[in-house]
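Under the numbering used here, the letters of the sequence shown match residues 60 to 309, in that order.
C-beta: ideal position from N, C-alpha, C; glycine also.
Please read all numbers here as calculations on a predicted model, not as lab measurements.
Please read the structure below before turning to the comments.
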Amino acid sequence: QGETSFRAPGAMHHARWMSKVLYSLKIWMFRSQFKLTCSEERGLRQVCIFAVRIYLKAWMQAPLAAHAPMHDLSLMKELSTYRAIDPRSADAAFMKMKKHTWYLQPELACLGLFDDHVDLKTKREMVEKLRGPDCFPMDLKLTQEEIMSKQLPDFVSPKSTYLFSALRIEDNEFLGHDPAHWPKIDAYTEAQKRVHGLKVVNDMAERGVALAQEFNRKLTKDEVQLQAIFRVVAEHRKRYPNCRKKTLLQ
60 QGETSFRAPG
70 AMHHARWMSK
80 VLYSLKIWMF
90 RSQFKLTCSE
100 ERGLRQVCIF
110 AVRIYLKAWM
120 QAPLAAHAPM
130 HDLSLMKELS
140 TYRAIDPRSA
150 DAAFMKMKKH
160 TWYLQPELAC
170 LGLFDDHVDL
180 KTKREMVEKL
190 RGPDCFPMDL
200 KLTQEEIMSK
210 QLPDFVSPKS
220 TYLFSALRIE
230 DNEFLGHDPA
240 HWPKIDAYTE
250 AQKRVHGLKV
260 VNDMAERGVA
270 LAQEFNRKLT
280 KDEVQLQAIF
290 RVVAEHRKRY
300 PNCRKKTLLQ
């Protein structure tokens, strides 16, 4: 059974990480009822400590789009600090996080402007970076030592204004006011509602995109035909929005 459980297709077994954490905590609570070797108990203890101190908080905050930039930066800093407790786990998690730093790119870093957890001083510095020269590096490859000295405004540049056009936030005159007054400005509150309604991309969505891309390549490798397929699918979904018998018989 144990061998079969790790034969899930693709990276689906990684999606069960949260369940593994819960099982680990339960086993630790009732460890006196199990026959564990010293090595097993030590490994179990490492997993439980990492989950309680690092993972659970990160997992609970992950769906918050506005908090994503500050959340990712704080998580990477916490992992660097966690090296003093468990360097192996901290280094492994940090290396994984370095592959998922899109919320620290300029285009998404200014989501922090709509985060109530970000203090006013930081928001003022972010606004200044929006107006300053564009000196942000193309590749975000920071070491653990470098990440400790970084703050959220360091990831903002004039390119960050792309977020407003992408979200169709046409009225951004609130940037001309002090962040302390933003909650009283209708344009800001409306933009904040739009940001809070965003769905954060997770690894399930990434697997869905990867599956769709692989499926598309099975159908055709010709770009013209591929775009034609997309149009047919879009028209089909428009004509048949659900699978009800009444809809299909129209």
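Less than 8 Å between the CB atoms is what I'm expecting for residue i and residue j, so what's the real figure, rounded?
{"i": "V259", "j": "P122", "result": "5 Å"}
{"i": "L103", "j": "L170", "result": "The Cβ separation is near 37 Å, so there is no contact."}
{"i": "E166", "j": "K200", "result": "Rounded, the Cβ-Cβ distance is 18 Å, inconsistent with contact."}
Hey, how far is the Cα of residue i from the Cα of residue j?
{"i": "A293", "j": "A250", "result": "29 Å"}
{"i": "K252", "j": "L95", "result": "50 Å"}
{"i": "H176", "j": "A117", "result": "15 Å"}
{"i": "L33", "j": "I144", "result": "The question about residue 33 has no answer, for the chain in this structure spans 60 to 309."}
{"i": "L84", "j": "K209", "result": "34 Å"}
{"i": "R296", "j": "T279", "result": "21 Å"}
{"i": "G164", "j": "V291", "result": "Note on identity: in this sequence residue 164 is Gln, with Gly being the wrong assignment. Their Cα atoms are separated by approximately 35 Å."}
{"i": "M88", "j": "V254", "result": "40 Å"}
{"i": "V111", "j": "I288", "result": "47 Å"}
{"i": "A151", "j": "F233", "result": "41 Å"}
{"i": "W241", "j": "T248", "result": "8 Å"}
{"i": "R66", "j": "P192", "result": "Caution applies to R66, whose pLDDT of 34 falls short of 50 and renders its modelled position unreliable; the value that the coordinates give is listed next. Whole-angstrom Cα-Cα distance: 50 Å."}
{"i": "D245", "j": "T220", "result": "19 Å"}
{"i": "D119", "j": "E282", "result": "Here residue 119 turns out to be Met, not Asp, going by the sequence shown. The straight-line gap from Cα to Cα measures roughly 40 Å."}
{"i": "S216", "j": "K243", "result": "26 Å"}
{"i": "R101", "j": "G235", "result": "55 Å"}
{"i": "Y82", "j": "Y114", "result": "14 Å"}
{"i": "C316", "j": "A168", "result": "Outside the shown range of the chain (60 to 309) lies residue 316, about which nothing can therefore be said."}
{"i": "N301", "j": "L172", "result": "38 Å"}
{"i": "R90", "j": "D237", "result": "55 Å"}
To which residues of the same chain is residue i closer than 7 Å at the C-beta, ignoring the five residues directly before and after it?
{"i": "E99", "result": "none"}
{"i": "F93", "result": "I86"}
{"i": "P212", "result": "T181, E184, M185 and K188"}
{"i": "Y299", "result": "T306 and L307"}
{"i": "D39", "result": "Shown here, the chain extends from 60 to 309; a query on residue 39 therefore has no answer."}
{"i": "P146", "result": "none"}
Can you check which of these residues, the options, is closest to residue i by C-alpha distance?
{"i": "R142", "options": "Q105, K243 and L84", "result": "Q105"}
{"i": "A214", "options": "A117, L132, H126 and Y82", "result": "The residue you asked about is not Ala; residue 214 is Phe in the sequence shown. Selected option, being the one with the closest Cα: L132."}
{"i": "M207", "options": "M119, D150 and M135", "result": "M135"}
{"i": "D178", "options": "K218, A239, Q92 and M156", "result": "A239"}
{"i": "G256", "options": "A125, T306 and M119", "result": "A125"}
{"i": "F109", "options": "D281, C97, D237 and V80", "result": "V80"}
{"i": "S78", "options": "S91, D281, N231 and C107", "result": "C107"}
Tell me which same chain residues have a C-beta within less than 6 Å of the C-beta of residue i, skipping the five on either side of it?
{"i": "A149", "result": "L138, Y141 and R142"}
{"i": "N231", "result": "F223"}
{"i": "E205", "result": "none"}
Identify, in the order they occur along the chain, each residue of the same chain with its Cβ nearer than 8 Å to the Cβ of residue i, setting aside the five sequence neighbours on each side.
{"i": "F153", "result": "M135, L138, S139 and Q203"}
{"i": "M156", "result": "D131, L134, M135 and L138"}
{"i": "K304", "result": "none"}
Determine whether the Cβ of residue i lies closer than 9 Å to any Cβ atom of chain D.
{"i": "A149", "result": "Chain labels in this structure do not include chain D; a single protein chain is all it has."}
Three or more C-beta pairs closer than 8 Å, one from the stretch 144-162 and one from the stretch 227-235: is that the case here? no
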